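See structure below.
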Amino acid sequence: MHVSSVIRIAIPSVLLVGALTACSSGTARPSGAGHPSGATTASSAPSTAPATTATSPSPTGSSAAPVVPVAEVRDAFAVLQATYSDPGCAASEGNCEYFLKRILDNLNALDASMKATPEGPAHFKQSLAWVNQMRTTLAGDFSFPNLRKHQALLTGTRDRINTWMQSHPEDYR
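Under mature numbering (1 follows the signal peptide of the UniProt record, and there is no 0), read the sequence shown as residues -24 to -1, 1 to 149, first letter to last.
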């Protein structure tokens, strides 16, 4: 086989692999970047995300929390309920840290959803009070040792909200 034949076979294969890798890498270009015509590479499909936005207290203590869409109450509640299938602190200390921070994040997201709902925060007064009480007790310390110390408070807040929501199915179905 001649070298020119090998090159004719190899170059298209390399280009194809490169193109496929670029397409599947998941990195998006800024609008018009790198395209000779300046055309956008982003989809022009309308967003399905809710228009409501809010910031919730950041467990990291960052004051510049990004503005993100707030999930509907039913969606935020479903995410919180998924913590029941996590082995939690029984699995390992590493999983315990993940689990407790997950519950905290999920409770914060549900809190934001309840405050942004069309029914208004008064509709979720009791649940919001439980989350506020939890935050007051944590006193801004979202470190793992403090979350571990208040593990019963975190899981108890989740459980009370779950019980309340189960008696108000219209809020999550």
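Backbone N, C-alpha and C fix where the C-beta goes; we use that ideal spot for every residue, glycine too.
All values reported here derive from a predicted model rather than from experimental measurement.
- When secondary structure is reduced to three states using DSSP, residue 97 falls in the helix class.
- The count of Cβ pairs closer than 8 Å, one atom from the region 104 to 121 and one from the region 53 to 60, stays below three, leaving the stretches out of contact.
- In the three-state reduction of the DSSP assignment, residue 45 falls in the strand class.
- A residue is called buried once 16 or more other Cβ atoms fall within 10 Å of its Cβ, and residue 87 is buried on that count.
- Remark: C-beta atoms of residue 46 and residue 90 do not approach each other more closely than 7 Å.
- DSSP places residue 118 outside both helix and strand once states are collapsed to three, so it counts as coil.
- In this chain, the alpha helix (DSSP H) harbouring residue 89 covers 69 to 92.
- For residue 139, the enclosing alpha helix (DSSP H) covers residues 127 to 142.
- Contact between residue 83 and residue 118 is absent: CB atoms are separated by about 12 Å, not below the 8 Å threshold.
- Annotation for residue 106: 133, 136, 137 place their beta carbon closer than 8 Å to its own, counting only its chain and skipping 5 residues before and after.
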